[in-house]
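Novice: Using our numbering, the first residue of the sequence shown is number 20, and each one after it goes up by one.
All C-beta atoms in this analysis are idealised placements derived from N, C-alpha and C, irrespective of residue type, glycine included.
A quick note: this is a predicted structure, and the numbers were derived from the prediction, not measured.
Structure below; questions to follow.
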Amino acid sequence: MSLTFKILQLATPNIDSYAAYSIASVRGYAKKHGYQHLVQRSRLVDDMHINWTKIALLQNALTEKDVDYVVLLDADIILTATALHLEDFVKMGNEATHILMPGDTPLLGGKRPNAGMIIVKNSPEGRGIIDYWLHAARHEGKHLADTHPRNQLVYWNFVMPRFKPLQFIIPRSFARKYYPVYDYLGLRGGFLWHVTQTNEGVREKYMKRLYEQHRSEMGDLQATLEALKEATQGLVKLVE
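Here's what the structure looks like:
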């Protein structure tokens with residue numbers, strides 16, 4: 020019996036100008052493989068930075084028993100190899116693996132995960148990791164919870180040391196940060212490009228470019244924009 024997956028994204032209306040490309044990309048992928056796809060349109064955590072709503076979104080989804088794995092994808096990613104199944108990543112780990120993330124840009128030789136893509140097993144261990152992540156952000160890691168990159172700093176310094184045996188780091192070749200020079204070098208994102216430029220206009224420009232390059236594999240942009248326009252609060256289901 021095949022595994023079941025629920026894909027989540029956080030995209031508040033103020034970032035729709037670029038997030039719509041990501042959501043259309045993921046929507047097409049979810050339809051292709053029969054995954055659920057839901058987008059959170061508003062805050063779940065009022066007293067913390069908006070990025071912590073992503074972890075709360077994971078936490079909420081893991082209380083439901085309708086899927087084997089919950090996947091969080093940032094709203095600034097574009098999928099580029101839609102033939103890959105999410106199960107292909109799960110198979111990279113083993114029976115002891117309950118959370119998978121791609122490797123982050125190496126720093127001082129350290130091997131650390133990037134939170135732009137998070138795959139969590141819907142298990143007591145998986146739920147425990149996410150519960151502690153949000154707990155640490157409010158308590159022992161509070162001093163890092165509002166310093167960029169917030170989610171990752173708390174994870175690297177508090178969650179990973181405690182749960183490292185349950186973690187698998189997906190090779191960076193599957194999820195690279197995007198830079199235009201890669202187009203000229205012929206370098207591809209593997210599974211996705213992560214467009215992390217801080218200027219929203221630049222981010223929108225690059226995401227549109229990537230969407231157009233992979234249009235045949237993307238979901239319908241106009242239909243996605245209409246769905247987002249109709250839902251500006253709460254959790255919206257784009258693919259059942």
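Considering Cα atoms alone, identify which of Val45, Asn170, Asn218, Met237 is closest to leucine 257.
Specialist: Stepping through the sequence shown from its first residue, residue 257 is reached at position 238. Nearest option by C-alpha distance: Val45.
Novice: Counting beta carbon pairs with one atom in the region 69-89 and one in the region 143-156, are three or more of them shorter than 8 Å?
Specialist: Yes, since at least three Cβ pairs between the region 143-156 and the region 69-89 fall closer than 8 Å, the two stretches touch.
Novice: On the three-state DSSP scale, how would you describe leucine 91?
Specialist: For this step, residue 91 is matched to residue 72 along the sequence shown. Strand.
Novice: Report the three-state DSSP secondary structure of phenylalanine 108 (helix, strand or coil).
Specialist: Looking up residue 108 in the sequence shown gives position 89. Helix.
Novice: How would you write the range of the alpha helix (DSSP H) that isoleucine 34 sits in, first residue to last?
Specialist: Here the question's residue 34 lines up with position 15 in the sequence shown. Careful: isoleucine 34 lies outside any alpha helix (DSSP H) and carries neither H nor E.
Novice: Let me know the beta strand (DSSP E) ranges lying completely inside the region 21-84, each 3 residues or longer, listed in chain order.
Specialist: If we require 3 residues or more, the beta strand (DSSP E) runs fully inside the region 21-84 come out as 24-29, 55-59.
Novice: If you draw a straight line from the C-alpha of valine 255 to the C-alpha of serine 41, how long is it?
Specialist: On the sequence shown, position 236 is the one that residue 255 refers to. On the sequence shown, position 22 is the one that residue 41 refers to. Approximately 15 Å between the Cα atoms of the pair.
Novice: Please name the residue in Gly205, Arg181, Phe210 whose C-alpha comes closest to that of phenylalanine 193.
Specialist: Residue numbering aside, residue 193 sits at position 174 when the sequence shown is read from its first letter. The residue with the shortest Cα to Cα distance from phenylalanine 193 is Phe210.
Novice: Tell me which same chain residues have a C-beta within less than 6 Å of the C-beta of leucine 57, skipping the five on either side of it?
Specialist: Here residue 57 corresponds to residue number 38 of the sequence shown, with the count starting at 1. Closer than 6 Å at Cβ, skipping near neighbours: Leu27, Leu254, Lys256.
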